[in-house]
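Below is one structure, written out as structure tokens, with a few remarks after it.
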Amino acid sequence: MAGQKLELTWVGKNKPVKLEPRLLLEVPEKSYCAKTKREGDIFDNMLIHGDNLLALKALESKFTGQVKCVYIDPPYNTGSAFKHYDDCLEHSTWLNLMRARLESIFKLLKKEGVLFISIDDDECHYLKILCDEVFGRENFCGSFVWERKKKPSFLSNMGVVTEYILAYAKEKKSSPPFIYGTTTKGKKYPINNAGNTLATLTFPAGSVSFRMVDQVVVAQDMSGGNIVTRLLNDVIIKNGVNENQFSLEGEWRYSQDTINEIIDSGEQIVISKVPFRPNHVKDGGKPKKMKNLLSVAHYSMATNEDATAESEALFGNMDAFDNPKPEMLISTLIDAVTEKGDLVLDSFLGSGTTAAVAHKMGRRWIGVELGDHCYSHCISRLQKVIDGNDMGGVSKSYDWQGGGGFRFYELAPSLIKKDEYGIEVIDREHFDGARLIEAVCKIMGFEYAPSQDEYFIHGQSTENAFIYVTTNFMTTEHIRSISQKLGDRHLSILCKAFDAVPADCENITISKIPKEILDKCEWGHDDYSLNVKNLPMSETESEPSLNL
1 MAGQKLELTW VGKNKPVKLE PRLLLEVPEK SYCAKTKREG DIFDNMLIHG
51 DNLLALKALE SKFTGQVKCV YIDPPYNTGS AFKHYDDCLE HSTWLNLMRA
101 RLESIFKLLK KEGVLFISID DDECHYLKIL CDEVFGRENF CGSFVWERKK
151 KPSFLSNMGV VTEYILAYAK EKKSSPPFIY GTTTKGKKYP INNAGNTLAT
201 LTFPAGSVSF RMVDQVVVAQ DMSGGNIVTR LLNDVIIKNG VNENQFSLEG
251 EWRYSQDTIN EIIDSGEQIV ISKVPFRPNH VKDGGKPKKM KNLLSVAHYS
301 MATNEDATAE SEALFGNMDA FDNPKPEMLI STLIDAVTEK GDLVLDSFLG
351 SGTTAAVAHK MGRRWIGVEL GDHCYSHCIS RLQKVIDGND MGGVSKSYDW
401 QGGGGFRFYE LAPSLIKKDE YGIEVIDREH FDGARLIEAV CKIMGFEYAP
451 SQDEYFIHGQ STENAFIYVT TNFMTTEHIR SISQKLGDRH LSILCKAFDA
501 VPADCENITI SKIPKEILDK CEWGHDDYSL NVKNLPMSET ESEPSLNL
């Protein structure tokens with residue numbers, strides 16, 4: 001058993017998807033902004049149309065470690081979408097592609113960033129094991145139970161009214177507490193908590209307010225019903241406070257450290273009668289931790305019925321989106337872990353709910369959607385938000401009046417295509433000049449950042465590592481000339497062909513573009529959809545080749 005571990009396995013797990021890092025090309029005619037600008041408006045939001053796995057990969061070069069909150073609602077069609085597929089293979093395909101998405105999301109999150117995933121109970125437990133592998137079990141923050149329906153569905157053995165939201169932190173010790181609102185001034189919170197471990201709490205002189213006549217209360221057992229409380233020493237009550245230190249034994253909600261913090265903060269601990277039942281009376285206005293039950297009873301939480309009404313108000317009955325999430329649910333999650341200006345990502349954008357909510361809340365956002373509803377629903381919805389014409393959902397809660405904007409992007413086509421003879425060649429129709437250089441930089445893991453002063457600097461990966469991309473033949477003299485200008489920097493040169501590299505040019509690595517990039521990723525693959533019914537069958541592998 002040594003060296004073994006508990007893990008989820010599936011066909012193809014050890015053959016990860018080799019993604020081609022694509023460029024994101026702005027489509028100016030689909031980008032949109034408000035007619036006027038106000039202080040605090042955000043215009044650099046991103047709406048991306050394309051496969052979200054490729055889009056996530058495309059975002060890594062610029063946004064690694066930048067995202068504060070990710071919310072995703074991944075589709076998983078357990079019925080008709082899989083009826084033509086072997087069960088083992090279909091689930092393996094979904095798990096493999098889902099893991100690739102989670103790995104990319106993990107890279108994009110800030111150290112204190114948090115991921116929320118909506119999922120039903122069919123796949124919740126598989127997904128948790130998968131997330132444990134990618135994020136680490138120690139970074140599991142918990143699971144929320146959302147009351148998604150007021151009236152249950154009876155398609156199963158029981159009436160189903162809930163759904164789950166898994167929460168993972170990139171680094172749990174750095175992540176914020178999940179906050180919902182603030183405490184109410186003067187509200188009492190009992191310190192007794194029946195069933196907890198028996199412990200002793202000590203209260204220093206003057207730390208407890210007694211709302212009873214001055215007296216001496218002798219040590220005694222004050223237990224009653226299911227409440228255990230024992231006064232371990234006499235306490236003198238004078239002028240409404242304890243004149244001496246005293247201790248209570250019982251089952252407590254708070255530790256001694258928490259009691260000390262309450263006392264140091266100036267908040268009140270109050271005892272009103274004998275037997276003693278101490279209460280913590282809060283000043284109010286302090287952040288309050290969320291409960292993991294997101295229900296109508298607890299938070300007046302919106303349900304699917306509310307979401308459907310929101311969708312119909314935006315798009316009409318005919319174009320309303322199937323199974324949307326209500327804006328209140330999304331805003332509750334975003335508000336729990338972010339502040340204004342933080343970056344929110346949804347790579348399964350659907351009808352645009354997360355982007356719309358983040359925009360109204362003053363967060364920056366990136367939304368990715370593959371389907372045609374990116375055009376038909378997301379763009380029109382976000383235009384209404386920006387114009388101040390969407391007063392539904394959470395608009396009133398955040399006093400939304402409109403403003404800001406977004407840039408619209410399409411994924412660039414694959415750098416490599418097959419010509420009429422079936423030979424893999426660079427797609428010269430879409431990639432030439434600067435765009436070719438930028439694409440190669442991204443594939444090689446360099447940030448495209450051409451120097452204004454040095455023609456041979458096209459990108460940078462670390463402080464001293466740079467790249468130069470050229471379709472020219474590199475002579476020995478040319479290589480030595482560049483080497484002498486580099487100093488202690490290192491340059492990777494990708495070119496069509498080259499002479500021998502001089503032995504004294506140790507700060508240069510040179511290789512041919514075909515050889516260097518062909519094995520980096522899968523080429524010409526535009527759809528990594530989680531609906532495996534739409535996935536193409538794998539082709540027989542052959543020796544890589546490329547003509548420039």
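Those letters in the sequence shown? Residues 1 to 548, per the UniProt record's numbering, in order.
Every residue gets a Cβ at the ideal spot worked out from N, C-alpha and C, and that includes glycine.
Remember, it's a predicted structure, so these values are computed and weren't measured experimentally.
Check, Outcome
"I'd like the span of the alpha helix (DSSP H) that includes A355, first residue to last.", "353-360"
"Curious, which full-length alpha helix (DSSP H) runs of at least 4 residues does the stretch 419-448 contain?", "434-443"
"If you follow the beta strand (DSSP E) that F348 is part of, which residue opens it and which one closes it?", "No beta strand (DSSP E) holds F348; DSSP gives it neither H nor E."
"Hey, would you say L411 sits closer than 8 Å to L54, going by beta carbons?", "yes"
"Pull up the distance between the alpha-carbon of E414 and that of T184, whole angstroms please.", "Correcting the residue identity first, residue 414 is Ser in this sequence and not Glu. Spanning the two alpha carbons is a distance of roughly 56 Å."
"Under DSSP, the beta strand (DSSP E) around R480 begins and ends at which residues?", "It is not in any beta strand (DSSP E) - R480 instead sits in the alpha helix (DSSP H) that spans 476-486."
"Please classify I129 as buried or exposed, where buried requires at least 16 neighbouring CB atoms within 10 angstroms.", "exposed"
"Is it buried or exposed for V27, if we count other Cβ within 10 angstroms and need 16 for buried?", "exposed"
"What separation, rounded to the nearest whole angstrom, lies between the Cα atoms of K35 and V145?", "41 Å"
"In terms of DSSP beta bridges, what is C124 paired with?", "Bridge partners of C124: none, in fact."
"Report the option in L333, T471, K496, I457 whose CA atom is closest to the CA atom of E483.", "It should be pointed out that residue 483 corresponds to Ser in this sequence rather than to Glu. That would be I457, whose Cα lies nearest to the Cα of S483."
"Mapping the DSSP letters down to three states, classify I42 as helix, strand or coil.", "coil"
"Sort L201, K288, V228 by Cα distance to D257 and report the nearest one.", "L201"
"Span of the alpha helix (DSSP H) holding F63?", "52-63"
"Could you tell me which residues DSSP pairs with Q268 in its beta bridges?", "V281"
"Determine the extent of the beta strand (DSSP E) in which E369 is found, giving its start and end residues.", "364-369"
"Would you mind working out which of A169, K68, T229 sits nearest S143, comparing C-alpha positions?", "A169"
"Can you give the Cα-Cα distance for G65 and L108, rounded to whole angstroms?", "5 Å"
"How about G284: is its C-beta nearer than 8 Å to some C-beta of chain B?", "Included in the structure is just one protein chain, with no chain B present."
"Leaving out five residues before and five after K150 in sequence, what residues of the same chain have Cβ atoms less than 8 Å from its Cβ?", "V161, V296, T303, E305"
"Would you grab the beta carbon distance between R230 and G250 for me? Rounded to a whole angstrom, and I think it's under 8 Å.", "7 Å"
"According to the Cβ coordinates, are K360 and V344 closer than 8 Å?", "no"
"Mind checking who H49 pairs with in its DSSP beta bridge?", "E369, E410"
"May I have a chain-ordered list of the beta strand (DSSP E) segments no shorter than 3 residues that lie completely inside the stretch 145-218?", "162-169, 179-182, 188-190, 198-203, 215-217"
"Could you please give the first and the last residue of the uninterrupted beta strand (DSSP E) stretch that includes T509?", "508-512"
"Among residues of its own chain, excluding the 5 on either side of T470, which ones have a beta-carbon nearer than 7 Å to its beta-carbon?", "C495"
"Given 8 Å as the limit, is there contact between the stretch 426-434 and the stretch 392-411, that is, 3 or more CB pairs closer than that?", "no"
"For the alpha helix (DSSP H) holding K384, just list the boundary residues, first then last.", "380-387"
"Tell me which same chain residues have a C-beta within less than 7 Å of the C-beta of K83, skipping the five on either side of it?", "In this prediction, K83 has a pLDDT of 37, which is less than 50 and means its spatial position is unreliable; what the coordinates show is noted afterwards. So the list is empty, once near-sequence residues are dropped."
"Output the distance between the C-alpha atoms of N292 and D346, rounded to the nearest integer angstrom.", "21 Å"
"Between residue 566 and Y189, which are expected to be in contact by the criterion C-beta below 8 Å, what is the C-beta distance as a whole number of angstroms?", "This structure does not reach residue 566, given that the chain is present from 1 up to 548, and the question cannot be answered."
"Going by other Cβ atoms of all chains shown within 10 Å of its Cβ, with 16 needed for buried, is E463 buried or exposed?", "exposed"
"By DSSP's criteria, W252 is part of a beta bridge. Which residues make up the other side?", "N192"
"What does the Cβ neighbour count give for R148, buried or exposed, with the cut at 16 atoms within 10 Å?", "buried"
"Measure the beta-carbon distance from I334 to V357 and round it to whole angstroms, keeping in mind my assumption that it falls under 8 Å.", "6 Å"
"What's the C-alpha gap between I117 and Y71?", "6 Å"
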